[in-house]
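Enquirer: Let me begin by handing over the structure; questions about it come next.
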Amino acid sequence: MMRKGIVLSVLTALSLGFLAGCSGSGSGSKDAASSNDIKVWVQFSDETAEGKAWDQVVQNFNKKYEGKYKVVTEYIPRSGSGGGYEDKVNAAITTNSLPDVITLDGPNTAAYAQSKVITPLDDYVKDDDMDDVLDSIKQQGTYDGKFYAFGYSESSVGIYYNKKMFKEAGIDEASLPSLEKPWTWDEFKAISKKLKDHFKEAAIDFRLNSNDEMLPYAYMPLIWSNDGTVVNDDGTKAEGYFNAKESVEAIQFIQDLVKEGYTTVSPVEKGFETGQYPMVLSGSWTIADLETNYKDIDFGILPYPVSNTTKKLVSPSGSWQLGVTEKSDKKEAAAEFVKFATNTESSEILSLGNSVLPIRKSTIENIKDKVSEPMKFLMEQNAATAHARPVVVAYPQVSRSFQQAMQDISYYEENPSVQKVLDARAKEMQAAIDQALNK
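According to mature numbering (1 follows the signal peptide of the UniProt record, and there is no 0), the sequence shown holds residues -20 to -1, 1 to 419 in order.
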């Protein structure tokens, strides 16, 4: 799908839309009125918690650089299907009217970079204490050895559990897993059986009905835990990787959950929040919802179950980033803002204001006593075990094939062979990658 130098390919990639990050409602914009203005487009509303935190960061920057630089933000919220913001970016690519800075979702780094929509940041951030930045942030923003996009927030996923229901099923708090000693897949299945037998209900909403980016985002860590991968390090090969033994074993774990009735492909909406399921696989964004709207649910978060063989804990990460556009005539000023928006102080403002995970080790240290225990746990899990999704030019197709593979192995009563499913979907991924690389 992706062809070098062809804008249309970028539009195709961006039009698919992805999960990993926040979206808002409402809109607002401010037009640049000065040659000193740095124009920035963001994918959320100024009325959301994210928008209000962002505005504080911008105000701080404008105060510090008053008379030299001024950031002007245009708020372009995404729609539920991922449109809105992406539509405007697509149109601006074709008309050569992009602003100086844009936000982009983590997996889109390669597509933007290869088509020269964004410019490398290496020379601008070399003095920005990059050792303090989480490895997952650097990983998702790097393409072909160069750093193109700087994540301004992080996210993660864990196993939310209902403390009261666990106690009722006879699962003692002292037996729960930790970051140092997570449950293996077999141990997780044993606990799921105990919960299912007690409540006569699925033990966990594993989000199998998501049919969106949640599936690759949340499930890839199971493959990585088993020393597998979806594509090779260069992002050029899927065959021999997505369908390798290590990947098959990880996806077999998911199919086993379905076969044994420990999870369901058609969960009740808000089943965990209303006390129907004792567990749910969900992201950091769920904490604020539970703490605000479901205060009667006493919950905690457990780490990912790990490979029986490696016992290695891996968790997902990745969210929205900032990129300086290639055709901006204010690259130095734009990069200065990107650095400011991702420094320790700004990261703290965005993390606390929007209930998201920080991107710097220093910020984690600063706010660890200011957040709830569930958020603190995800921060610790993220810092120790986070792994970004692969940076591959054909990511939209890779993601789509991954999602379809999860449906293939779980949505049919005959429970087809995981190996055969991954063989077929790996072939699809490979075809898309080959086309993207003009092979």
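Glycine included, each C-beta is placed from N, C-alpha and C at the ideal position. Only a predicted model underlies this, so the values are computations on that prediction, with no experimental measurement involved.
Based on the DSSP output, what are the partners of Y140 in its beta bridges?
Expert: For the purposes of this step, residue 140 is taken as residue 160 along the sequence shown, with counting starting at 1. DSSP lists V260, I281 as partners of Y140.
Enquirer: Starting from T324 and walking both ways along the beta strand (DSSP E), at which residues does that stretch end?
Expert: Residue 324 sits at position 344 when you count from the first residue of the sequence shown. Unbroken run through T324 is the alpha helix (DSSP H), 324 to 334; no beta strand (DSSP E).
Enquirer: Just to confirm before moving on: does the CB-CB distance between L159 and A364 stay below 8 Å?
Expert: Locating residue 159 in the sequence shown gives position 179, where the first residue counts as 1. Locating residue 364 in the sequence shown gives position 384, where the first residue counts as 1. In contact: L159 and A364 (Cβ atoms closer than 8 Å).
Enquirer: How is the beta strand (DSSP E) around P87 delimited, first residue to last?
Expert: Indexing the sequence shown from 1 puts residue 87 at position 107. Element bounds for P87: n/a, residue is neither H nor E.
Enquirer: Can the beta-carbon of F130 be found less than 8 Å from the beta-carbon of V401?
Expert: Translated into positions along the sequence shown, residue 130 becomes position 150. Translated into positions along the sequence shown, residue 401 becomes position 421. No, these two residues do not count as a Cβ contact at 8 Å.
Enquirer: Over the uninterrupted alpha helix (DSSP H) stretch that includes K341, give me the two end residues.
Expert: Locating residue 341 in the sequence shown gives position 361, where the first residue counts as 1. 341 to 347 is the span of the alpha helix (DSSP H), which, as asked, contains K341.
Enquirer: Just to confirm the assignment, what range does the alpha helix (DSSP H) spanning V398 have?
Expert: Taking the first residue of the sequence shown as position 1, residue 398 is located at position 418. Taken as a continuous stretch (DSSP letters only), the alpha helix (DSSP H) holding V398 covers 398 to 416.
Enquirer: As a quick exercise: from S246, F279, K96, P376, pick the residue whose alpha carbon is nearest that of S190.
Expert: Taking the first residue of the sequence shown as position 1, residue 190 is located at position 210. Ranking S246, F279, K96, P376 by Cα distance to S190 puts S246 first.
Enquirer: Look at the Cβ atom of P258, then the Cβ atom of A198, and state whether they are nearer than 8 Å.
Expert: Looking up residue 258 in the sequence shown gives position 278. Looking up residue 198 in the sequence shown gives position 218. For P258 and A198, no; Cβs fall outside 8 Å.
Enquirer: Pairs of beta-carbons, one from the region 323 to 336 and one from the region 95 to 105, closer than 8 Å: are there three or more?
Expert: Judged by Cβ distances under 8 Å, the region 323 to 336 makes no contact with the region 95 to 105, as fewer than three pairs qualify.
Enquirer: As a quick exercise: from D177, L282, I203, pick the residue whose alpha carbon is nearest that of K292.
Expert: In the sequence shown, residue 292 corresponds to position 312, counting from 1. Closest by alpha carbon: I203.
Enquirer: Select from K350, L237, T266, Q410 the residue whose C-alpha is nearest the C-alpha of A374.
Expert: For the purposes of this step, residue 374 is taken as residue 394 along the sequence shown, with counting starting at 1. Selected option, being the one with the closest Cα: Q410.
Enquirer: Terminal residues of the continuous alpha helix (DSSP H) containing A366?
Expert: Sequence index remark: in the sequence shown, residue 366 carries index 386 (1-based). That residue, A366, is in no alpha helix (DSSP H); its beta strand (DSSP E) goes 366 to 368.
Enquirer: Determine, using beta carbons only, whether A368 and Q120 come nearer to each other than 8 Å.
Expert: Against the sequence shown, residue 368 aligns to sequence position 388. Against the sequence shown, residue 120 aligns to sequence position 140. Yes; because the gap between Cβ atoms is below 8 Å, this pair is in contact.
Enquirer: Between L302, N418, E408, which has its C-alpha nearest N223's C-alpha?
Expert: By one-based count along the sequence shown, residue 223 stands at place 243. Nearest option by C-alpha distance: E408.
Enquirer: Measuring CB to CB, does G298 end up less than 8 Å from K143?
Expert: Locating residue 298 in the sequence shown gives position 318, counting from the first residue. Locating residue 143 in the sequence shown gives position 163, counting from the first residue. For G298 and K143, no; Cβs fall outside 8 Å.
Enquirer: When the Cα of N323 is compared with those of E226, D111, I82, which residue comes out closest?
Expert: As a first step, residue 323 must be located in the sequence shown, where it is residue number 343. When only C-alpha atoms are compared, the closest one is D111.
Enquirer: When DSSP labels each residue in this structure, what does F146 get in the three-state scheme?
Expert: What you label residue 146 is simply residue 166 of the sequence shown in a count that begins at 1. Three-state result, F146: helix.
Enquirer: What residues in its chain sit with their C-beta under 6 Å from that of S308, if we drop five residues either side in the sequence?
Expert: The residue given as residue 308 occupies position 328 in the sequence shown. Contacts found: D80, A314.
Enquirer: Which runs of the alpha helix (DSSP H) at least 4 residues long sit entirely within the region 182 to 224? Give them in chain order.
Expert: With a minimum length of 4 residues, the continuous alpha helix (DSSP H) runs that stay inside the region 182 to 224 are 194 to 205.
Enquirer: Have a look at G138 and T343 and give me their C-alpha separation to the nearest angstrom.
Expert: Counting from one through the sequence shown, the residue named residue 138 turns up at place 158. Counting from one through the sequence shown, the residue named residue 343 turns up at place 363. In a straight line, the C-alpha of G138 is about 21 Å away from that of T343.
Enquirer: I'd like to know if the region 339 to 358 and the region 67 to 84 are in contact, where contact means that at least 3 CB-CB pairs between them fall below 8 Å.
Expert: The region 339 to 358 vs the region 67 to 84: no contact.
Enquirer: For the beta strand (DSSP E) containing E54, name the first residue and the last one.
Expert: The residue given as residue 54 occupies position 74 in the sequence shown. Start and end: 50 to 55.
Enquirer: Comparing alpha-carbon positions, which option in I389, P396, N362 lies nearest S135?
Expert: Residue 135 sits at position 155 when you count from the first residue of the sequence shown. Of the listed residues, the one whose Cα sits closest to S135 is N362.
Enquirer: Please name the residue in D177, Y123, E253 whose C-alpha comes closest to that of E148.
Expert: Against the sequence shown, residue 148 aligns to sequence position 168. That would be D177, whose Cα lies nearest to the Cα of E148.
Enquirer: From Q39 to T272, what does the alpha carbon distance come to, in whole angstroms?
Expert: Residue mapping note: residue 39 aligns to position 59 of the sequence shown, counting from 1. Residue mapping note: residue 272 aligns to position 292 of the sequence shown, counting from 1. Near 28 Å, if we compare the C-alpha coordinates of T272 and Q39.
Enquirer: Spatial neighbours of L358 within its chain, please: CB distance less than 7 Å, with the 5 preceding and 5 following residues excluded, ordered by chain position.
Expert: The sequence position of residue 358 within the sequence shown is 378, counting from 1. The answer, listed in chain order, is S136, G138, S264, I281, L337.
Enquirer: Quick check on DSSP: helix, strand or coil for I267?
Expert: In the sequence shown, residue 267 corresponds to position 287, counting from 1. It is helical.
Enquirer: Excluding five sequence neighbours on each side, which residues of the same chain lie with their C-beta closer than 7 Å to the C-beta of K311?
Expert: Counting from 1 along the sequence shown, the entry for residue 311 is found at position 331. Only T99, V304 meet the Cβ criterion.
Enquirer: So W34 is in the alpha helix (DSSP H); what residue range does that whole segment cover?
Expert: Reading the sequence shown from its first residue, position 54 is the one you call residue 34. Note, W34: alpha helix (DSSP H), 29 to 44.
Enquirer: Classify E66 as buried or exposed, calling it buried when 16 or more other Cβ atoms lie within 10 Å of its own Cβ.
Expert: If you number the sequence shown from 1, residue 66 lands on position 86. With 16 or more Cβ atoms within 10 Å of its Cβ, E66 is classed as buried.
Enquirer: Compare the beta carbon distance of P283 and P162 with 8 Å and say whether it is the shorter of the two.
Expert: One-based indexing of the sequence shown puts residue 283 at position 303. One-based indexing of the sequence shown puts residue 162 at position 182. Cβ distance < 8 Å, so P283 and P162 count as in contact.
Enquirer: Sort K44, F24, S77 by Cα distance to Y55 and report the nearest one.
Expert: In the sequence shown, the residue the question calls residue 55 occupies position 75. The option with the nearest alpha carbon to Y55 is F24.
Enquirer: If the criterion is Cβ atoms closer than 8 Å, does the pair E240 and K173 meet it?
Expert: By 1-based counting over the sequence shown, the position of residue 240 is 260. By 1-based counting over the sequence shown, the position of residue 173 is 193. Yes.
Enquirer: Would DSSP call V378 helix, strand or coil?
Expert: Here residue 378 is taken as the residue at index 398 of the sequence shown, counted from 1. V378: helix per DSSP, three-state reduction.
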